Amino acid sequence: MSRNLPSIAQMSEISWFPFSDEPVVSGSWCQPQICDPVFLFPSESPDGKWHMFAHSWIGIHHYVSDSGIAWEPLKMIEFRGHSPSIYREAGVWYLLYEKHEGFWPLSRRKRFRRDERIAASRIEIRSSTDLLTWGDPRLLLDSRSILFAGDYIPKPRISRPQLFHVDGTYRLYFGASHLDLDDTMQRVSRYFSYAEADEIGGPYTLGNGGSPLMVPQPDNPACNLATGGVRIIPLSDGFAAFQCGVWWNPVEGRSGATLTVMSSVDGIVWNPCSQKPILPPADTGWASRYIMSCDVHYKNDEKCWYCYFSANGRKPNRRFAYYESLGLLLGHTAASRRRESPGEW
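Under our numbering, the first residue of the sequence shown carries the number 5, and numbering increases by one thereafter.
What follows is the structure, given as structure tokens:
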């Protein structure tokens with residue numbers, strides 16, 4: 005772990021503030037859902053720019069920015085790819101993502117059902133030395149090899165991969181199975197687990213005795229329906245997990261998803277950092293339904309945390325349609341100095 009990163013003890017001291025009430029990347033009529041962001045600081049990129057990857061219904065999009073605020077689409081990286089993440093080793097960037105592509109029989113193109121065209125969900129990896137040209141996809145993990153990935157659903161599903169090198173072993177975290185919420189039909193990740201390998205390309209073996217690492221907790225009001233999206237972040241003495249836990253509120257009679265943070269020394273056993281959520285759904289507006297996913301990194305030269313997150317809700321003057329967009333939270337400890345002008349970020 006890097007000495008420049010904060011410690012587990014400091015995670016509970018962070019105060020989080022929205023950069024703006026508006027999203028930094030918005031869903032549109034042709035791409036109503038922009039989901040699962042992952043980003044790189046200028047110091048981590050080959051061209052000194054901010055880079056972000058996120059997915060729509062079409063696939064994985066690559067965005068660039070000079071400020072981290074105004075983002076421009078650069079190119080499509082992977083058609084029908086979902087839930088990207090980035091891992092860097094020895095000057096090479098690795099893009100991991102979920103893939104479940106369909107087949108389109110010509111004789112039945114006009115009358116297929118959705119479940120007939122979805123092939124096996126799997127995690128793939130591609131590599132690049134410049135973030136622009138990517139190598140051919142390689143299979144890392146197949147959902148059909150994971151028994152609990154098919155719990156309560158017709159076909160197995162794995163999602164949101166993240167890769168780390170821990171104590172000489174490659175550890176691949178991922179979501180497994182899913183749940184379609186009864187009140188909104190929003191689809192969320194049911195479990196969270198991991199697999200390990202000696203080489204980055206595998207083969208990967210399930211950890212935790214072949215059981216999920218995180219499961220819904222009926223007595224926990226923050227995740228009594230599903231684990232939701234989980235983002236793992238390295239710390240100086242362990243790990244943090246930013247969880248978009250999915251819950252049911254019996255008083256309000258509705259479901260929701262809230263962003264909370266946990267910590268772990270080994271990345272296996274997790275404990276809450278605080279009982280207070282980082283980000284609950286807003287009362288109204290673009291982030292009023294579910295906080296779906298996030299990516300979080302610490303910018304050491306600013307002593308500041310950046311948390312880009314995806315959330316969904318109704319847009320103004322759009323009465324019926326729901327959109328998913330990307331927002332930004334900034335995190336500071338009491339000892340750190342907050343910038344006066346947004347232009348300095």
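Ideal placement from N, C-alpha and C gives every residue a C-beta, glycine not left out. Quick caveat: nothing in here was measured; it's all calculated off a predicted structure.
Got a sec, what are the start and stop residues for the alpha helix (DSSP H) residue i sits in?
i, result
"M15", "12-15"
Considering just the uninterrupted stretch of the beta strand (DSSP E) at residue i, what are its terminal residues?
i, result
"L183", "173-184"
"D200", "At residue 200 the sequence reads Glu, which differs from the Asp that was named. E200 -> beta strand (DSSP E) spans 191-201."
"D70", "It is not in any beta strand (DSSP E) - D70 carries neither H nor E in the DSSP assignment."
"T188", "Element bounds for T188: n/a, residue is neither H nor E."
"V250", "242-253"
"T337", "No beta strand (DSSP E) holds T337; DSSP gives it neither H nor E."
"A230", "230-239"
Let me know the secondary structure DSSP gives residue i once reduced to three states.
i, result
"R342", "With a pLDDT of only 46 at R342, under the threshold of 50, the placement of this residue in the model should not be trusted, and no figure is reported."
"A102", "Inspection of the sequence shows that residue 102 is occupied by Glu rather than by Ala. Reduced to three states, the DSSP call for E102 is strand."
"L136", "coil"
"S24", "coil"
"T152", "Contrary to the premise, residue 152 reads as Phe rather than Thr in this sequence. In this structure, F152 counts as helix in the three-state DSSP scheme."
"S47", "helix"
"S89", "strand"
"S297", "strand"
"R118", "For R118, the predicted structure reports a pLDDT of 49, less than 50, and the residue's modelled location is therefore unreliable. A value from the coordinates is still provided. Helix, per DSSP."
"N212", "helix"
"S147", "helix"
"S19", "strand"
"L283", "strand"
"A261", "strand"
"P160", "coil"
"W309", "strand"
"S267", "strand"
"A124", "coil"
"A58", "strand"
"S111", "Any reading at S111 needs caution, since the residue's pLDDT is 42, under 50, leaving its predicted position unreliable; the model's value is listed next. If DSSP states are grouped into helix, strand and coil, S111 belongs with the helices."
For residue i, which residues in the same chain have their Cβ closer than 7 Å to its Cβ, ignoring the five residues on either side in sequence?
i, result
"Y208", "L144, L145, L176, A199, E200, A201"
"D187", "R258, S259"
"P50", "D134, L135"
"E105", "R84, A123"
"I295", "C248, A261, T262, L263, L283, P285, F313, A315"
Per DSSP, what are the beta-bridge partners of residue i in this structure?
i, result
"K53", "BP columns for K53 are empty, so no partner."
"F168", "R175"
"R350", "An answer regarding residue 350 cannot be provided, because it is not within the stretch 5 to 349 covered by the chain."
"E328", "Q37, N316"
"E82", "I64"
"E76", "V68"
"V219", "Paired residues: none, contrary to the question."
"N275", "S267"
Output needed for residue i: all residues of its chain with C-beta closer than 6 Å, excluding positions within five of it in sequence on either side, in chain order.
i, result
"R191", "H182, D184"
"Y174", "A201, I204"
"F196", "G179, L217, M218, T231, V234"
"F243", "I236, S268, G271"
"P284", "T262"
"P317", "The amino acid occupying residue 317 in the given sequence is Gly; Pro does not appear at that position. The answer, listed in chain order, is G289, W290, A291, S292, R293."
"N304", "N8"
"I129", "Y98, L100, R142, L144"
"V42", "F57, P88, S89, I90, D299"
"W138", "R130, S132"
"G206", "L144"
"P276", "M266"
"G154", "P160"
"Q166", "S89, Y177, I236"
Give every residue of the same chain whose Cβ lies closer than 8 Å to the Cβ of residue i, excluding the five residues on either side of it in the sequence, and list them in chain order.
i, result
"S215", "F152, S197"
"V96", "S131, S132, T133"
"N253", "P225, S259, G260"
"G211", "R175, S197, Y198, A199, E200, L217, I272"
"P222", "N228"
"E76", "Y67, V68, S69"
"D241", "M5, S11, I12, V269"
"Y156", "S181, L183, R194"
"S19", "G335, H336, T337, A338"
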